[in-house]
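A.B. asks: Please find one structure pasted underneath; my questions will follow.
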Amino acid sequence: MAVLKVIEVLANSDKSWEDAAKNALEQAAKSVKNIRSIYINEQSATVKDGKIDDYRVNVKITFEVQ
1 MAVLKVIEVL ANSDKSWEDA AKNALEQAAK SVKNIRSIYI NEQSATVKDG
51 KIDDYRVNVK ITFEVQ
């Protein structure tokens, strides 16, 4: 039986929500091993001059505890 843990990570991107999620995963993978899944919990954006300036995501990352 595997023991799994979930952490919550916030990340951003100036390109897209998908890129922000990718950034969250890449940063988490630097210190967390055995990542099993990523769940997009929330998406938001900041607006500047009537256009989206920054995409933000709140993700939950599940990994196996060794």
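For the record, in the sequence shown the residue sitting at position 25 is 25 according to full-length UniProt numbering, with numbers rising by one throughout.
Built from N, CA and C at the ideal position, the CB exists for glycine as well.
Can you look up residue 74 in the DSSP assignment and give me helix, strand or coil?
C.D. replies: Because the chain spans 1 through 66 in this model, residue 74 falls outside it and cannot be assessed.
A.B. asks: For residue 11, which beta-bridge partners are listed by DSSP?
C.D. replies: Answer by DSSP bridge pairing, in chain order: 57.
A.B. asks: What does the Cβ neighbour count give for residue 7, buried or exposed, with the cut at 16 atoms within 10 Å?
C.D. replies: Classification for residue 7: exposed.
A.B. asks: Keeping to the same chain, check which residues put their C-beta closer than 6 Å to that of residue 43; ignore five residues upstream and five downstream.
C.D. replies: Excluding residues within five positions, the ones whose Cβ falls inside 6 Å are 17 and 57.
A.B. asks: Is residue 22 helix, strand or coil when you go by DSSP?
C.D. replies: Reduced to three states, the DSSP call for residue 22 is helix.
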